[in-house]
Each structure stands twice: as C-alpha cells, then as structure tokens.
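Just below is one structure, and these are the notes that go with it.
Residue numbers (the numbering used here): 26 to 389.
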C-alpha cells in the first residue's frame, strides 16, 4: 500500500477537491492518504473524505513565510515514511516540496490545477510567486498539470518532451452520472415544455456569473419559456438578492447554491452554458458532456483543450453576451439540434476515469 501526503487548501467543493476525492475512492485500500489543508479548515466534502479507509485529515494554517508550520510539516514527513508527497497548490507547493526533499522523500509532485495566477498581482506577490516556482523546479521530481495550457503558462520555456512535466487530464467515472434518479423540471417549478439553460460551478470571478446574468436578462426578456438554473457554492449568497428583485429574472432564474446532487440536476438542463474567463480543466464541463448535454462555452484555451474540434468554431469570447445569446437561440429555435450535439461518447473516451486515475496513481 502506498503512503502519500497530499496538500490542498481546503476540502470545500471545487475542482481539486472533487478530483482528489474521486481518485481516492478509486484506489481505496491501495493508498494510505494523509491530507493537510493549508487553509486551516476542511469544508463541505469533509464527511465524504472521512468515509475513505485509512485516511487522516489535518487542518493547518500555512502562511507565506510561516516557519513554524513548515517545521511541523518537515517533522511529520520525516517521521511518517511517506512514499510520495503531492501538493495541489501549484507554485505555492515550493516550500512543502523543499521540506519533502530535505526529509528524503523519493517522489515529490507538484500538481497544477489552474492555468493562470489566481491572485491580485502586486510586486511582493509576484516576487514570492517567482521564488516559490523556483523552489518547485528545484525540489519536485515530477510536475503535473491537468491541461497543456497550464504548463505553457507557468513554464513557457519547457519543451513538450521534457519528462519531468506531464499532463494528466481529469478522470470521470461515467457510471456515477448514469446510475441516478434524476430530478424533473417540475421539481424546480419549471414548466415541462420550457427550455432550460444550466450552469454548475462555485461563485467566482473566473466562472463569469456576471455574464451569465446578462445573458439571462436578455433571453428571459425575449422568450417566456426560457429558464436558467445555476448551482454552485456562493451562487445563492451573491446572486439571490439581485435575481429576486429583478422583474425579468425573478422566477425565471433558479439559484440553487451548493448541491451535492449535481448528477441528479444535470438531466433538468436542455443546454449547458459555460462562459468561464479562466480555467484549469473544467470538471463541470466534462460532466455535462458525459451526461450528453450540448454545450455553449467560452473560447479560452483550457476549454478548447477539453472539447471536440467540432465545437471549436462555435465557442464564444467570454464577455460576448450577444454571441452567447445567438448560440443559445440556435438551439432554442431548433430543438432537434440538441440531440445532434451529444458528445457523451467522445467525453467518456477522452476522460476515462480508470485510465487517467491509473496514470496519476503510477506517479505516486
């Protein structure tokens, strides 16, 4: 059994956390995982993680130059005989991998899950980021990413055949989305014959909810039978007030907040909208395609990398509200097109969980 130390920020529901949860479920009994949450909190997925055999969860407040915390991390690694250490915090894994190197861990992995910096860039932060990236390069035995875009952004000088760098795409177990009792439109007070545009994803600038709302305002004002369903952590907190007070959106845009049953909600959608400004590799988009939903998405590189070539000419600039409305209406006015744009088999083949999780397991 492999003994691996993983670092994440929290166990709140997000791309990293759901990926790691699915991976550990797939190899339950073959890995003895220890997970340190650098943000000093667990989150919504804590109870799901606790169900995994032999797991140990640790909360720790790890700051930028938090020497006492890194000493604790070093001592834990030194005394625990880990086979591998894997940090999912990108450049910010520099100091944890340095500690792992000093403790003589043979396999030290930095796994990049985003394709750009997710912080307000200042001189201090960029300088610290550059130092951490230097430490990653010096101390990681392997640098992984879930997209080619991320490697090209963070390491533009690296050649594609460099064996230290590897892309491992997100894996999806299609059975997880097929063996469900789906909700119906009526469950959300939506008429059965209406046209539902859906989005799943936490409320975040990168997810571009402001553009989604602008699209909804335009389409709902023009078509009485178009509805929007948005679910994801924070959507209720940040969008409910505006939506409920809008004569155009109230009752037409359903804000569901965080849900642990997204697989039951996806069948309610007629079309999946995904106008992200930046991504690592979008789990939500892959899940929608696996479910057979047609997608209207932005034309950023990680989405181009995640979708079949046939879709690429129809991808839209992230802030082009009129362009998104036009694409959505092309499905609204021609419902037969919905079945023609089913990329389920393509997604299942390209993001097969067993194959891709095995790739990651072999690196640990």
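Note that beta-carbon positions come from the ideal geometry of N, C-alpha and C, so glycine has one too.
Would you kindly check if the distance between the Cβ of residue j and the Cβ of residue i is under 9 Å?
| i | j | result |
| --- | --- | --- |
| residue 238 | residue 222 | no |
| residue 43 | residue 66 | no |
| residue 171 | residue 192 | yes |
| residue 164 | residue 123 | yes |
| residue 319 | residue 285 | no |
| residue 295 | residue 363 | yes |
| residue 87 | residue 98 | yes |
| residue 31 | residue 91 | no |
| residue 268 | residue 215 | no |
| residue 207 | residue 293 | yes |
| residue 196 | residue 51 | yes |
| residue 119 | residue 305 | no |
| residue 344 | residue 236 | yes |
| residue 199 | residue 68 | no |
| residue 232 | residue 347 | no |
| residue 140 | residue 178 | yes |
| residue 376 | residue 194 | yes |
| residue 317 | residue 355 | no |
Apart from the five residues just before and just after residue i, which ones in its own chain have a Cβ nearer than 8 Å to its Cβ?
| i | result |
| --- | --- |
| residue 352 | 321, 339, 341 |
| residue 289 | 205, 206, 207, 208 |
| residue 277 | 241, 245, 251, 252, 253 |
| residue 282 | 256, 257, 258, 259, 260, 261, 262 |
Which of the three DSSP states is assigned to residue i in this structure?
| i | result |
| --- | --- |
| residue 86 | strand |
| residue 284 | coil |
| residue 58 | strand |
| residue 81 | strand |
| residue 53 | strand |
| residue 225 | strand |
| residue 268 | helix |
| residue 306 | coil |
| residue 231 | helix |
| residue 391 | There is simply no residue 391 to check, as the chain begins at 26 and stops at 389 in what is shown. |
| residue 332 | coil |
| residue 30 | strand |
| residue 346 | helix |
| residue 249 | coil |
| residue 64 | strand |
| residue 214 | coil |
| residue 356 | helix |
| residue 263 | helix |
| residue 190 | strand |
| residue 325 | coil |
| residue 172 | coil |
| residue 95 | helix |
| residue 208 | coil |
| residue 103 | helix |
| residue 296 | strand |
| residue 339 | helix |
| residue 130 | coil |
| residue 161 | helix |
Cβ of residue i versus every heavy atom of the ligand FMN: is any distance shorter than 8 Å?
| i | result |
| --- | --- |
| residue 90 | Looking for the ligand FMN in the displayed structure turns up nothing, as the structure carries no ligands at all. |
Please go through the same chain and pick out, in chain order, the residues whose beta-carbon is closer than 7 Å to the beta-carbon of residue i, but skip the five residues on each side of it.
| i | result |
| --- | --- |
| residue 46 | 70, 73, 74 |
| residue 183 | 176, 190 |
| residue 372 | 311, 314, 315 |
| residue 128 | 99, 102, 103 |
| residue 54 | 78 |
Which one of the options has the shortest CA to CA distance from residue i?
| i | options | result |
| --- | --- | --- |
| residue 78 | 59, 307, 242, 230 | 59 |
| residue 34 | 292, 367, 84, 211 | 84 |
| residue 249 | 269, 273, 233 | 273 |
| residue 388 | 279, 128, 167, 80 | 167 |
| residue 108 | 118, 148, 56 | 56 |
| residue 64 | 82, 54, 371 | 82 |
| residue 230 | 264, 200, 202 | 264 |
| residue 279 | 317, 323, 333, 212 | 212 |
| residue 251 | 357, 150, 281, 149 | 357 |
| residue 110 | 93, 203, 28 | 28 |
| residue 125 | 140, 143, 105 | 105 |
| residue 161 | 134, 150, 145, 173 | 134 |
| residue 62 | 54, 48, 114, 49 | 114 |
| residue 15 | 131, 121, 174 | No answer is possible for residue 15: it lies beyond the span of the chain, which begins at 26 and ends at 389. |
| residue 202 | 309, 93, 334 | 309 |
| residue 247 | 350, 130, 150, 48 | 350 |
Can you list, in chain order, the residues of its chain with a C-beta nearer than 6 Å to that of residue i? Leave out the 5 residues immediately preceding and following it.
| i | result |
| --- | --- |
| residue 154 | 116 |
| residue 275 | 269 |
| residue 158 | 116 |
| residue 287 | 225 |
Using 8 Å as the cut-off, can you tell me whether the region 377-384 makes contact with the region 325-338, which would need three or more C-beta pairs spanning the two stretches below that distance? no
Check whether the region 294-303 touches the region 226-233, counting contact only when three or more Cβ pairs, one atom from each stretch, lie closer than 8 Å. yes
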